[in-house]
Amino acid sequence: MIAAAKPPLQDEEEPSRKRLPSTRASVVHEFCVGGHKGTITVGLYPDGTPGELFITMSKEGSTIRGLVDSIGVLTSLALQHGVPLDAIASKFEGSRFEPQGVAIGCDEITFATSVLDYVFRWMQIRFAYTVR
């Protein structure tokens, strides 16, 4: 016998999305991990906290470019729904996959185990003062 799906709880609120203003400041950071160049663009709320993330890798159409672009979209949605940057970053810091290697672009990060390891460690370094 198949059990019926549970109805949603009535007391829970629908998640709400806090969109960024149409004109906003951003931070752009260029980096290189294991010889692969990339750019991080972070759109900011008026209070300086991050609200969107775009990650662009230099090879157009590559698998890694598509994957990091998708992670940027998911991260943006999570931030706009109130998920703390620390909670997101802790899931990606230390992730291991190619490309990995020597990291250039941030003095505090000299080696990265993946592009996502670099991106989220950099986000923590750059925005820790605004999210804690």
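Numbering (my numbering), first residue to last: 167 to 298. No residue lacks a Cβ here, since even glycine has one placed at the ideal position from N, Cα and C.
Quick check on DSSP: helix, strand or coil for residue i?
| i | result |
| --- | --- |
| G271 | strand |
| F277 | strand |
| L186 | coil |
| R231 | helix |
| Q266 | coil |
| A249 | Rather than Ala, the amino acid found at residue 249 in this sequence is Val. V249: coil per DSSP, three-state reduction. |
| T296 | Note that T296 has pLDDT 48, beneath the 50 cutoff, so the model's placement of it is unreliable and the number below is only indicative. Correct three-state label for T296: helix. |
| G260 | coil |
| R287 | helix |
Less than 8 Å between the beta carbons of residue i and residue j, yes or no?
| i | j | result |
| --- | --- | --- |
| G260 | G200 | no |
| I270 | F197 | yes |
| P212 | P187 | yes |
| W288 | I237 | no |
| M223 | H202 | yes |
Identify the residues that DSSP records as bridge partners of residue i: which are they?
| i | result |
| --- | --- |
| G162 | This structure leaves residue 162 out entirely; the chain is present only between 167 and 298. |
| P216 | L210 |
| S192 | G209 |
Should residue i be labelled buried (16 or more other beta-carbon atoms within 10 Å of its own) or exposed?
| i | result |
| --- | --- |
| D283 | buried |
| V239 | exposed |
| P250 | exposed |
| V281 | buried |
| F277 | exposed |
| E179 | exposed |
| V208 | buried |
*Would you call the stretch 222-234 and the stretch 243-257 touching, i.e. three or more CB-CB distances under 8 Å?*
no
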